[in-house]
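S.K.: Chains as they are written, first to last, in my numbering: chain F, 1 to 707; chain L, 708 to 1414. Backbone N, C-alpha and C define an ideal beta-carbon position, used for all residues, glycine too.
2 protein chains.
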Amino acid sequence: MKDIHSLLYPKSIAIVGASRDRDKLGRIILDNVLKSGFRGAIYPVNPKAKRIKNLVCYPDLLEIKKTIDLAVIAIPAAFVFDTVKDLTASDVKNVIVISAGYSEIGQDGMMSELKLCTLLQERGISLLGPNCLGIISAGVNLNATFAKNAIRDGNIAFLSQSGALGSAALGWAEETGVGFSHFVSIGNKADLSENDFVKFFISDESVKAIFMYLEDFVDGRGLMELGQKTGKPIVVMKPGISEEAQKALGSHTGSLAQDDLIVSAAMKQGGIIRVDTIENMLNLMQMFSFPKQLKGPRIAIVTNAGGPGVITTDSVIQEGLEIAALSQKTQQALALNLPSSASVHNPVDVLGDARADRYEVALKKVLNDQGVDCVLAILTTQVMTQVKETAEVIAKAARSSRKIIIPVFIGGKGLESGFKVFRENNMSFFRYPHDAVDIIAFLNEHTKEEGHEQHKLKSTLKAKKEKFSKMMSNNYEVSDLVDVERLLREYEIPTLDSFFIQDIAGARKAAKNLKYPLVMKLIHPELLHKTDVNAVRLNIRNESELEEALVSLEKLGLKMGLSHYKLQVQHFVKEAVELIVGVKRDDAQYMEIGGKRILRKQGFGHTLLFGMGGIYTEIYKDVSLRIVPILERDVVGMIAQTKINQVLKGARGQKYDLKAVKKIIRNINQLILDFPQIYELDINPLFVKESGVWAADVKMVVKKYSK
Amino acid sequence: MKDIHSLLYPKSIAIVGASRDRDKLGRIILDNVLKSGFRGAIYPVNPKAKRIKNLVCYPDLLEIKKTIDLAVIAIPAAFVFDTVKDLTASDVKNVIVISAGYSEIGQDGMMSELKLCTLLQERGISLLGPNCLGIISAGVNLNATFAKNAIRDGNIAFLSQSGALGSAALGWAEETGVGFSHFVSIGNKADLSENDFVKFFISDESVKAIFMYLEDFVDGRGLMELGQKTGKPIVVMKPGISEEAQKALGSHTGSLAQDDLIVSAAMKQGGIIRVDTIENMLNLMQMFSFPKQLKGPRIAIVTNAGGPGVITTDSVIQEGLEIAALSQKTQQALALNLPSSASVHNPVDVLGDARADRYEVALKKVLNDQGVDCVLAILTTQVMTQVKETAEVIAKAARSSRKIIIPVFIGGKGLESGFKVFRENNMSFFRYPHDAVDIIAFLNEHTKEEGHEQHKLKSTLKAKKEKFSKMMSNNYEVSDLVDVERLLREYEIPTLDSFFIQDIAGARKAAKNLKYPLVMKLIHPELLHKTDVNAVRLNIRNESELEEALVSLEKLGLKMGLSHYKLQVQHFVKEAVELIVGVKRDDAQYMEIGGKRILRKQGFGHTLLFGMGGIYTEIYKDVSLRIVPILERDVVGMIAQTKINQVLKGARGQKYDLKAVKKIIRNINQLILDFPQIYELDINPLFVKESGVWAADVKMVVKKYSK
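(1) Go ahead and pull the three-state DSSP assignment for P1383/L.
(2) By the 10 Å Cβ neighbour count, where 16 or more other Cβ atoms means buried, how is V1017/L classified, buried or exposed?
(3) Between which two residues does the beta strand (DSSP E) carrying A41/F extend?
(4) Using the Cα positions of Y716/L and K939/L, report the straight-line distance between them to the nearest angstrom.
(5) Is Y565/F close to chain L, meaning its C-beta is less than 8 Å from at least one C-beta of that chain?
(6) Using 8 Å as the threshold, is the stretch 881-889 of chain L in touch with the stretch 796-806 of chain L, meaning 3 or more CB pairs across them?
(7) Let me know the secondary structure DSSP gives P1201/L once reduced to three states.
(8) Please confirm if F708/F has its CB atom under 8 Å from at least one CB of chain L.
(9) Give a yes or no on whether the C-beta atoms belonging to T312/F and P433/F are separated by under 8 Å.
(10) In angstroms with no decimal places, state the Cα-to-Cα distance between I735/L and R830/L.
(11) Is the shortest distance between the beta-carbon of K413/F and the beta-carbons of chain L less than 8 Å?
(12) Starting from Q1000/L, trace the alpha helix (DSSP H) in both directions and tell me its first and last residue.
(13) What does S729/L reach in chain F if we use C-beta pairs closer than 8 Å?
(14) For L599/F versus L553/F, is the C-beta spacing smaller than 8 Å?
(15) Give me the Cα-Cα distance between A1105/L and A1098/L, rounded to the nearest whole angstrom.
(16) Can you tell me whether D259/F is buried or exposed? The criterion is at least 16 other CB atoms within 10 Å of its CB, across all chains shown.
(17) Give the straight-line distance between the Cα atoms of I668/F and R489/F, rounded to the nearest whole angstrom.
(18) So if DSSP puts L849/L in a beta bridge, which residue, or which two residues, is it bridged to?
(19) With a threshold of 8 Å between beta carbons, is V1354/L in contact with chain F?
(20) What residue does the alpha helix (DSSP H) around T883/L start on, and which one ends it?
(21) Can you find a C-beta in chain L that's less than 8 Å from the C-beta of N539/F?
(22) Does the beta-carbon distance from S833/L to D710/L come in below 8 Å?
(23) Who does V1405/L pair with in a DSSP beta bridge?
(24) In chain order, what residues of the same chain lie with their CB nearer than 7 Å to the CB of A1148/L, ignoring the 5 residues before and after it?
(25) For R123/F, which three-state DSSP category applies?
(26) With 8 Å set as the bound, which would you pick, yes or no: does the beta-carbon of I135/F sit closer than that to a beta-carbon of chain L?
(27) Which residue or residues does DSSP assign as beta-bridge partners of G1264/L?
(28) Flag this pair as yes or no: are the beta carbons of I1111/L and L1033/L separated by less than 8 Å?
(29) DSSP three-state call for S340/F: helix, strand or coil?
(30) Is the beta carbon of F781/L less than 8 Å from the beta carbon of L732/L?
(31) From which residue to which residue does the alpha helix (DSSP H) around K936/L run?
(32) Please say whether P837/L and V804/L have beta carbons closer to each other than 8 Å?
(33) Looking at chain F, is there any beta carbon in it that lies within less than 8 Å of the beta carbon of Y1066/L?
(34) For the alpha helix (DSSP H) that contains P1114/L, what are its first and last residues?
(35) Could you tell me whether any Cβ in chain F is nearer than 8 Å to the Cβ of R1106/L?
(36) Given a threshold of 16 other Cβ atoms within 10 Å of its Cβ, counted over all protein chains shown, does Y58/F qualify as buried or as exposed?
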């Protein structure tokens, strides 16, 4: 583990490029360090100056002759390497390279970056950047960035792969009063990367929530696993969902594309909140910086306007939250205290002429209701409305309750007096119901499920490894299914008995062993969608039909010019639902630079896919995805996430063998854990009936796993 | 058509309830009328005062002894009826009842509302309200509401069914500088309703765009048809999508639930923009109040920050817009004028140290590109950023281009100087890319398609009417399909030949007439999902299987205790795609009040549904909906909207008979136009193969149509 502590809590800091010119980046950084009240040693480095701002200035880092915890380098890229080339870890522990001109500008820059990073790694010196804004660390009163914002102390750790977005967020925080424990501009991530910091933030007590803007993951799977280990909220914004955005990313950093479905699955499994807009990220920062625990999804609405109440109700339902059902007692208490035409159901309508006192009593009663987890207090400006007084009443209610109260004040100028009250009380507030509901939905998503247990098969791994050693030792693309079927049966995954035949004698033998009706398929590696080319004969019920099928498929094989095709005979399963269970491995990616093989990013490893199988799989994409290994709750969750689940549960009258389906998913998970060599495994269709499941069509690829 | 002109452009106005007490609603309205500069005659009405604000005060309306264009009534509901009971149309042309206490409070209020409305209708007096805020009309300098906001003149007509939301929007407009030609608080819609006003706004030249917040439609189909006839943008916010919101609506007005899918289809067909959040509604108001035409969906992004550029790109793609491909010429011009590490592709990155001049040149080049329809100018505050100057450069570019430029300034406090520039230049601006892109997407949606032509069948309607007179004259639920098949064939909709059999002799006869393989079904009105109970025998290939099927289905009928079931035999269509084409009529709704039958709302009429058929129709809901009559572009659009369209077009190798499918949709449309008595018609599945379609299973209900 990297020594992030000495970087974020340095006792001494050197600033290379500190200058007498107030507009130079190095000077801006020095000014920020001084202004922020850093109490450790500060060493400006600049060969052309003796003193800057009353501090002794050093010609180079070695001349300081003390171990420096942190050197911030803000000079043109061309001079950076020479500045650090004679350093050892006893001279400088950490280097931040602010300078741009590295991998973000192309091949040449990539070479310089690699050279710089390799040198520092050999010397045991950590590198943050290059091409970054610097860091802020509230615990040691340090602002070592060139951002000019006044940053408040707080409990949010914020890491940004975009300097611009980082400084925009700092500006926004200045306006809203959100405070940070740390801000890290991570730049090109040549050495230190997000996971190093996340690890540290998890253990740092001053951090209550971790926010990151990332354009790629150095090790997404590792991040997921960190998320699984901590209860601290982690929020990630990661764009690049569309191809066009991937292209744009490619043009401005050296980012690597990542399958977005895998990213979403991994974040979900890691209990990490993934936001999709800057607005949501900032709003969540505000929520987590004044933290109260969201108890659950049951929302109560108190409003002085019916229309916005209805609009908010729609939003609540659309975001998967619930409209709390108020108890009889609460409704009676409201009826006693509100005018007769007020609505005492949820949304509670205190009417257009409500003054602050009416909000006060309504909030009190609603907050006391055990069926309410969170309250939205909606106000529109009407003739009698008391904006400031109502805001004060809401703030008071928030102070005296453990439940979250979110004000939504809709309208114009007149609202500022209310917003001021909320700012003074460190409360999040919104101008539109939709934005508030969005944020509650994110908080609710973070209310993590318990039950991290992983299902375990009684594994006789050693025996299995021996049994399948040949199959697993080679790059293996299956066309002969016999081996795979053996493997699946070992993992208690039933397959349909198959016979591969060459003539009518073989077909008859197959028919003797299998029960009519039968199905006969033409098998060839190039035939992916057999149904589409009519290469499957279903419901063969007697010998004459068997002969017919054989002759017609042989004809088809000839007509299509296929060589070495096979004819497979199985029992025909009627009235089954067709599912898909698939596995694919996301491997690490490497690149060659100057003859060296460089790890660009870790893979996510195996993903497990479940969903609607059969001929429409690719059209309806009714599938869910998880990263292997999955936990028991993932087995349940990934089935529940699909629409085909409704069919399995009996939406069309017939129920299907859900228990067996779950077992298949668990066992495939175990199979992959035992044999990570499996690169791809596709069971489609997996037949399920009222009782029992059968893998009907299987495809498997084995490929060496270089982790 | 109602005489809305005298209501919105009155020459004289009486205010009943004008008072010396400054806090009374009537007095607030009088003050607003005076303050707004209304130049017509103003008559306060109050039996207890002689003069108010230097105006002669009248004891009642009749005493004015002149024809009053508009009487605004703001006295308790209990006294309203008596106030108007002796009026005729030559006394008062229009009445606005501000007073609450009518249908929104329940049964008693509903009775008073009905009584009031009936009286006024009999006298030929129009009624706006009751339970409303009043009206604002810029053309005659009239603010006849009790809203205290200062309203700017403008070209937006805004109608709101929620008074509170109306006044919140007025407050918001005050802050943002949006101006209104008219504001109408429509209240309970006892008499005048939204469509009366929309008709008028369409013809009123001062109105450039029509905005409405509606909680229900008095006549949604009528609104759709108005939308089809005008080129003016109409924007509707209509909540109540969720059941919970429907409930809340029920509790605060007397609104009626409406199938939300129908609402969306009708709005789309009417070229009406439906917004889902208050924020989007207000932002669109701003866009339309400073109108430029959006030329198309190709967006260019100019940014000083890569991250936000990528994020915006994602949003653009997700909202169905396009990232413009910049021409070679533009890219070269950008390369000549920007630093070498700038990105000259779209998104154009002018780099973090860009000052205003760099934005200026980039905007100019990008706006000149013929492949660009709209430009997003993104700014984040960085060290060198010139907020105000850049805003001025953007405003200048906007003034000199016919293309829409939208600034998105991300960050905190420092941005206000830029926002001020945009406000002064009447420009819409945003703080987050996502919001800006949302709005462009809405504008793009409004770029209406041409081609309003309707497909016409050569109709020999008279002959058809005679032929099917018996079937169409009764309430008719089909269990015998023979009649329906005759009807469908008349409309060139092929059906599978059917035989209804009772014994093996009948079965054999059917087999003689149809070709093997056959399918045999057990038909009974109570059997909706035949496949689920195994009441369908597929792929019957010879006589012995025919016998088997007959015996087993008879057994099933007995076992299920069905009486009068039928056995249907058809040819078995193999390897077809299963579609659904359905029609359902949305009828008007009435209610009884005091023995009178009152129209509550018009229906939308017939809706036509198309999509994936077969056993998963209800699970995957891959369907599209239109209101009958459909136009040719709807035929294309409703197929394109579904995923099954990909299969029809050949996503799985095989192409299907799209031409025949389109013909079926057109002909069903014609059938419904000819026979509006049809209440429901369901063809599921409609088989389609490479060549040809067949209606396999049909259900039809005929019900008298009381329009």
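M.R.: Straight from the coordinates:
(1) The residue labelled residue 1383/L in the question sits at position 676 within the second sequence. P1383/L: coil per DSSP, three-state reduction.
(2) Translated into the one-based positions of the second sequence, residue 1017/L becomes position 310. Result: buried.
(3) By one-based count along the first sequence, residue 41/F stands at place 41. Here the beta strand (DSSP E) through A41/F covers A41 to V45.
(4) Along the second sequence, read from residue 1 onward, the residue named residue 716/L stands at position 9. Along the second sequence, read from residue 1 onward, the residue named residue 939/L stands at position 232. Roughly 21 Å between the two C-alpha positions.
(5) On the first sequence, position 565 is the one that residue 565/F refers to. So, not an interface residue.
(6) no
(7) On the second sequence, residue 1201/L is found 494 positions in, with the first residue counted as 1. The answer is coil: DSSP assigns P1201/L none of H, G, I, E or B.
(8) Nothing can be reported for residue 708/F: it is not among the residues displayed for chain F, which extend from 1 to 707.
(9) Looking up residue 312/F in the first sequence gives position 312. Looking up residue 433/F in the first sequence gives position 433. Closer than 8 Å, so yes.
(10) For the purposes of this step, residue 735/L is taken as the residue at position 28 of the second sequence. For the purposes of this step, residue 830/L is taken as the residue at position 123 of the second sequence. Taking the straight line from one Cα to the other gives about 29 Å.
(11) Sequence index remark: in the first sequence, residue 413/F carries index 413 (1-based). Yes, because at least one Cβ of chain L sits closer than 8 Å to the Cβ of K413/F.
(12) Here residue 1000/L refers to the residue found at position 293 of the second sequence. Note, Q1000/L: premise wrong, no alpha helix (DSSP H); not H, not E.
(13) Along the second sequence, read from residue 1 onward, the residue named residue 729/L stands at position 22. Before going on, a small fix: residue 729/L reads as Arg here, not Ser. Under the 8 Å cutoff, chain F gives no residues; its nearest Cβ is about 12 Å from R729/L.
(14) For the purposes of this step, residue 599/F is taken as the residue at position 599 of the first sequence. For the purposes of this step, residue 553/F is taken as the residue at position 553 of the first sequence. Taking 8 Å as the Cβ cut-off, L599/F and L553/F do not qualify as a contacting pair.
(15) Along the second sequence, one-based indexing puts residue 1105/L at 398. Along the second sequence, one-based indexing puts residue 1098/L at 391. Roughly 10 Å separates the two Cα atoms.
(16) Locating residue 259/F in the first sequence gives position 259, counting from the first residue. So D259/F counts as exposed.
(17) On the first sequence, residue 668/F is found 668 positions in, with the first residue counted as 1. On the first sequence, residue 489/F is found 489 positions in, with the first residue counted as 1. Using only the alpha carbons, I get a separation of about 11 Å.
(18) Along the second sequence, read from residue 1 onward, the residue named residue 849/L stands at position 142. According to DSSP, L849/L bridges with S844/L.
(19) Sequence index remark: in the second sequence, residue 1354/L carries index 647 (1-based). Yes, V1354/L counts as interfacial toward chain F.
(20) Counting from 1 along the second sequence, the entry for residue 883/L is found at position 176. G870 to T883 is the extent of the alpha helix (DSSP H) around T883/L.
(21) Within the first sequence, numbered from 1, the residue matching residue 539/F stands at position 539. Closer than 8 Å: yes.
(22) In the second sequence, residue 833/L corresponds to position 126, counting from 1. In the second sequence, residue 710/L corresponds to position 3, counting from 1. It is a contact, given that the beta carbons lie within the stated cut-off.
(23) The sequence position of residue 1405/L within the second sequence is 698, counting from 1. I1390/L.
(24) Here residue 1148/L refers to the residue found at position 441 of the second sequence. Excluding sequence neighbours, A1148/L sits near E1026, G1027 and L1028.
(25) One-based indexing of the first sequence puts residue 123/F at position 123. In this structure, R123/F counts as helix in the three-state DSSP scheme.
(26) Translated into positions along the first sequence, residue 135/F becomes position 135. False, the Cβ-Cβ gap to chain L never drops below 8 Å.
(27) The sequence position of residue 1264/L within the second sequence is 557, counting from 1. According to DSSP, which records beta bridges pairwise, G1264/L is partnered with nothing at all.
(28) Along the second sequence, one-based indexing puts residue 1111/L at 404. Along the second sequence, one-based indexing puts residue 1033/L at 326. Not in contact: I1111/L and L1033/L (Cβ atoms no closer than 8 Å).
(29) Indexing the first sequence from 1 puts residue 340/F at position 340. The answer is coil: DSSP assigns S340/F none of H, G, I, E or B.
(30) Translated into positions along the second sequence, residue 781/L becomes position 74. Translated into positions along the second sequence, residue 732/L becomes position 25. One detail in the question is off: residue 781/L reads as Ala in this sequence, not Phe. Going by C-beta atoms, A781/L is nearer than 8 Å to L732/L.
(31) To locate residue 936/L, count along the second sequence from 1; it is residue 229. Segment G927 to K936, the alpha helix (DSSP H) holding K936/L.
(32) Here residue 804/L is taken as the residue at index 97 of the second sequence, counted from 1. Here residue 837/L is taken as the residue at index 130 of the second sequence, counted from 1. Yes, the pair counts as a contact, with Cβ atoms nearer than the cut-off.
(33) Residue mapping note: residue 1066/L aligns to position 359 of the second sequence, counting from 1. Not one chain F Cβ lies under 8 Å of Y1066/L.
(34) By one-based count along the second sequence, residue 1114/L stands at place 407. Note, P1114/L: premise wrong, no alpha helix (DSSP H); beta strand (DSSP E) at I1111 to I1117.
(35) As a first step, residue 1106/L is located in the second sequence; it is residue number 399 there, counting from the start. Judged by the 8 Å Cβ criterion, R1106/L is not in contact with chain F.
(36) By 1-based counting over the first sequence, the position of residue 58/F is 58. So Y58/F ends up on the buried side.
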